[in-house]
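Below is one structure, written out as C-alpha cells; the observations come after it.
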Amino acid sequence: MMDATKYSVGYYPPPVEPGHVYEWPQKDHIEQAPAWCSVDLRDGNQSLIVPMSLEEKLEFYDMLVKIGFKEIEVGFPAASETEYEFLRTLIDGNRIPQDVTVQVLTQCRDHIIRKTFEAVKGAPRAIIHFYNSTSVAQREQVFKKSKEEIKKIAVDGAKLVKQLSEEYEGNFLFEYSPESFTGTEPEYAVEVCNAVLDVMQPTPDRPMIINLPVTVEMSMPHIYANQIEWCSKHLKYRDSVILSTHPHNDRGCGVADAELAVLAGAQRIECCLFGNGERTGNVDAITLAMNMYSHGVDPHLDFSNMPAICEVYERVTRMHVYERTPYAGALVFAAFSGSHQDAIAKGMTWRKEKQLHQWTCPYIPIDPHDIGRTYDADVIRINSQSGKGGIGFLLQQNYGYNPPPKMREDLGYRVKDVSDHEHRELSVKEVLGVFENSYLNHTQPLNVPDAHFIQNSDGSITANVVVTGGGSTVKCTATGNGRLDAVATAIEQQTGMHFTLVHYSEHALDSDTNSRACSYVGLKWASGEETWGCGTHTDIIVAGIKALVSAINNK
Ligand code: KIV
Ligand code: ZN
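Residues in the sequence shown are numbered consecutively from 513, following this note's numbering.
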C-alpha cells in the first residue's frame, strides 16, 4: 500500500510580504527568446548509461553549434579524463567559434577549481560555473554544516575563482549556482548569492550569471515562478546579473518551470535536447524553443532539420526519442482518427485555397514542414480508426485522385476493413492499392472494349457498343440523353441489369499535355445498393465508360 502520510510539501515559498502582488501572472506569453545554454555535454552526459566517447561528444558539440547555441557547458573537466580531454580538444583544435562561449562546471572546492582553470587555459572565452549545495536537506544530512558554514563555502569558492581568473590568461565570465535551490529557503539562497556577488563585483559591462536551479522539482511551477521573481527583486547588482534557470523535470513540469521563470524575470535557460539529464531529465530545449516559435517568437535556435537531430541524438546518447516527445517524436503530428483527419484535410485545403501565410490548421500546432517533417509520412496516418477525409486527402495529395464524397466514404470503409483485418497501419501506397483494386478500370466480368456514337437531330445520342462478358462478345445499340447514358442503356438492355446513374464527375489526372482524364461513376441498384467505379484514359469518353463498367463490375 502507498502511504501518502510519509510526504509533505517540502518546498520553501518566498516570505509573504503584506500587500505584495506578483507581476509574472499578469504576463500571458514570452516576448523574446532567452539566452540558451546547452548542458547536454555535462548534465545530459553524466546521466547516460554509457557516457559519450570523445568522438561522440565532438559530434554532439558540432550539432549544438549548428543549432545555434551560443553557450555550451562542455563538462566537468576535473571530474573525468574524457571531459578534460574533450575540453582541450575544443581549445587546442580551435573548435570554438567566435560567437560561442564554452562553460565548465566546478564544485566550490579548492583543488577542483584549480584543476578547472588548468583545463580551460587558453579558451577564447569561458564561463566558470561554480556551485555548492545550499538546501536544508544537504546542509543537515550531507554536509552537516550551518548556514554560515555553507555560505562560507560559496564565498571562499568565489574568492578563489576570482583570484585564479586574474592569474590565468583568458577571457572569463562567471556563474554561481546555489545547487538544490528549490529545497533552500529563498531568503537564504539570496543571502548566499549576494555574498558571492559581493566578491565577484559584476558590472553591467561584465555581468555575472546567477543560476537558480530546479535541482529537484519539488513544487508546482507557479511556486518556482514566485521564487524567481522574489529573488530577482532581492538580488544585489541586479543590472549586472544575468538571472538563469536550470529546471529538472521530477514532477514532469520542467517546461512550465522554465516558461514561468522567464515570465518572472529569468533571462537565461540551461537545458538539454530532448529533455535528457539526471533522473527525469533537464528541461527540453526543443519544446521550449518550439513553444516560443509557435507563438511567433524567433527562438534563435534552428530545428529545421529535426529528423537529422533525432538521428544524431539517438546514435550518440543511445537514448530513444519517445514517439510522443513534443515536436520531435515520430507520432506528434500524426492523426489516425477520422474526425481529426477530416479537419486537418479541410484545414490544409483552406490554407492552400486562401494562400494563407499564417498557420491556423486544426489539430497541428506548427507546420511540420518547418522542422523537416512531411505531411505524407507524418500527419495523416491510416489505420482502422481513419476516415474518409484523411484517406481521400492522401489519395489526392499523392496521386491526384479526387473521388466524390460518397465514393470516399465507400473507400474509407474498405481501407479500414483491410487495416482492421491485418491489424496494422497502411502506407499511402497500400491505400492507393485498395483504391485501384476496388474501383479502377475493372474489365471483369463485363467489359465494353469499343463504342461509337451518333448524334441525333433531336439532341439524343445513339451508341453502338461492343459488350463482352461470360465468354461472349455482342454488339448492341441504344439511345440516351448523352454518351454515357446511351452506353448504360445498351448494357442494361443487353444484360437485363437495372441501375440508375446517380453520380458522374471527371477531372484531369496529370498536369502535362498528354494528361489522362479521370472519371467517377456512382450507380444505384434496385436493391438500394450503391456501387462506384473509376476510369482513366487519355480520351475522356473512354474514361467515363471505364468508370461505368467498373461500377457495374462492383455489383
Ligand atoms: O541541477 C543542478 O542543480 C545542477 C547544478 C550544477 C546547476 O546541475
Ligand atoms: Zn542539473
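The beta-carbon is built from N, C-alpha and C at its ideal position, and this holds for glycine as well.
For residue i, three-class secondary structure by DSSP
{"i": "SER972", "result": "coil"}
{"i": "ASN683", "result": "coil"}
{"i": "LYS1036", "result": "strand"}
{"i": "THR1001", "result": "helix"}
{"i": "MET514", "result": "coil"}
{"i": "ASP932", "result": "helix"}
{"i": "VAL986", "result": "strand"}
{"i": "ARG780", "result": "strand"}
{"i": "ALA840", "result": "coil"}
{"i": "THR727", "result": "coil"}
{"i": "GLU1018", "result": "strand"}
{"i": "PRO530", "result": "coil"}
{"i": "VAL978", "result": "strand"}
{"i": "THR872", "result": "coil"}
{"i": "GLN967", "result": "strand"}
{"i": "CYS620", "result": "coil"}
{"i": "VAL809", "result": "coil"}
{"i": "ASN788", "result": "coil"}
{"i": "VAL667", "result": "helix"}
{"i": "THR1050", "result": "coil"}
{"i": "PHE867", "result": "A small correction: the amino acid at residue 867 is Gln; Phe does not occupy that position in the sequence shown. Of the three classes helix, strand and coil, the one that applies to GLN867 here is coil, per DSSP."}
{"i": "CYS743", "result": "helix"}
{"i": "PRO563", "result": "coil"}
{"i": "ALA773", "result": "helix"}
{"i": "LEU952", "result": "strand"}
{"i": "ASN959", "result": "strand"}
{"i": "TYR913", "result": "coil"}
{"i": "SER752", "result": "helix"}
{"i": "THR658", "result": "According to the sequence shown, residue 658 is Ser rather than Thr. Residue state, collapsed to three classes: coil."}
{"i": "GLN642", "result": "Before going further, note that residue 642 is Phe rather than Gln in the sequence given. In the structure shown, PHE642 sits in a strand (DSSP, three-state: E or B)."}
{"i": "THR991", "result": "strand"}
{"i": "GLN610", "result": "coil"}
Whole-number beta carbon distance between residue j and residue i, since they are thought to touch under 8 Å
{"i": "SER756", "j": "ARG718", "result": "Not quite, the Cβ-Cβ distance comes to about 16 Å (not below 8 Å), so this is no contact."}
{"i": "ILE798", "j": "TYR839", "result": "6 Å"}
{"i": "THR696", "j": "THR646", "result": "4 Å"}
{"i": "PRO961", "j": "GLY982", "result": "Rounded, the Cβ-Cβ distance is 15 Å, inconsistent with contact."}
{"i": "PHE642", "j": "TYR688", "result": "6 Å"}
{"i": "PHE1068", "j": "LEU923", "result": "A query on residue 1068 cannot be resolved here, the shown segment of the chain reaching from 513 to 1067 and no further."}
{"i": "GLY884", "j": "MET818", "result": "5 Å"}
{"i": "PHE572", "j": "GLY587", "result": "That belief does not hold up - the Cβ atoms of PHE572 and GLY587 are roughly 12 Å apart, past 8 Å."}
{"i": "PRO527", "j": "GLU699", "result": "6 Å"}
Heavy atom of the ligand KIV within 8 Å of residue i beta-carbon
{"i": "SER559", "result": "no"}
{"i": "SER731", "result": "no"}
{"i": "ASN723", "result": "yes"}
{"i": "SER689", "result": "yes"}
{"i": "GLU782", "result": "yes"}
{"i": "PHE693", "result": "yes"}
{"i": "HIS881", "result": "no"}
{"i": "HIS869", "result": "no"}
{"i": "LEU685", "result": "no"}
{"i": "TYR643", "result": "yes"}
{"i": "PRO617", "result": "Residue identity check: residue 617 is Leu in the sequence provided, not Pro. Because some heavy atom of the ligand KIV lies under 8 Å away, the Cβ of LEU617 counts as near it: yes."}
- prompt: For the ligand ZN, which residues have a Cβ under 7 Å from at least one heavy atom, in chain order?
  reply: Residues flagged by the Cβ proximity filter: VAL551, ASP555, PRO725, THR727, HIS758, HIS760, GLY789, GLU790, ASN794.
field: Contact between the region 520-528 and the region 785-803 (3+ Cβ pairs under 8 Å)
entry: The region 520-528 vs the region 785-803: no contact.
message: Under 8 Å, with one C-beta from each stretch per pair, do the region 754-774 and the region 817-837 reach the 3-pair mark?
response: Counting C-beta pairs closer than 8 Å gives fewer than three between the region 754-774 and the region 817-837, which falls short of the contact rule.
- request: Kindly confirm or deny that the region 651-666 and the region 622-634 touch, where touching means at least three C-beta pairs closer than 8 Å.
  value: These segments do not touch.
query: Are there three or more Cβ pairs, one per stretch, closer than 8 Å when the region 539-551 is compared with the region 805-823?
result: The region 539-551 makes contact with the region 805-823; the number of CB pairs closer than 8 Å reaches 3 or more.
- prompt: Does the region 523-530 come close enough to the region 689-709 that 3 or more CB-CB pairs lie under 8 Å?
  reply: A contact exists between the region 689-709 and the region 523-530.
query: Looking at C-beta atoms only, is the number of pairs between the region 1013-1023 and the region 1051-1066 that lie closer than 8 Å three or more?
result: Contact holds: three or more Cβ-Cβ distances are below 8 Å.
- prompt: Touching or not, the region 932-950 and the region 905-921, by the rule of three or more beta carbon pairs under 8 Å?
  reply: They touch, by the three-pair rule.
task: May I ask you to verify whether the region 665-680 touches the region 718-733, counting CB pairs closer than 8 Å and requiring at least 3?
output: Short answer: they don't touch.
- request: May I ask you to verify whether the region 958-977 touches the region 1034-1046, counting CB pairs closer than 8 Å and requiring at least 3?
  value: Segment contact: the region 958-977 against the region 1034-1046, fewer than three CB-CB distances shorter than 8 Å; contact not assigned.
query: Quick one: any contact between the region 1000-1017 and the region 912-930, if contact means 3 or more CB pairs under 8 Å?
result: Segments in contact, yes.
task: Count the C-beta pairs between the region 862-881 and the region 980-996 that are closer than 8 Å, then say yes if the count reaches three, no if not.
output: These segments do not touch.
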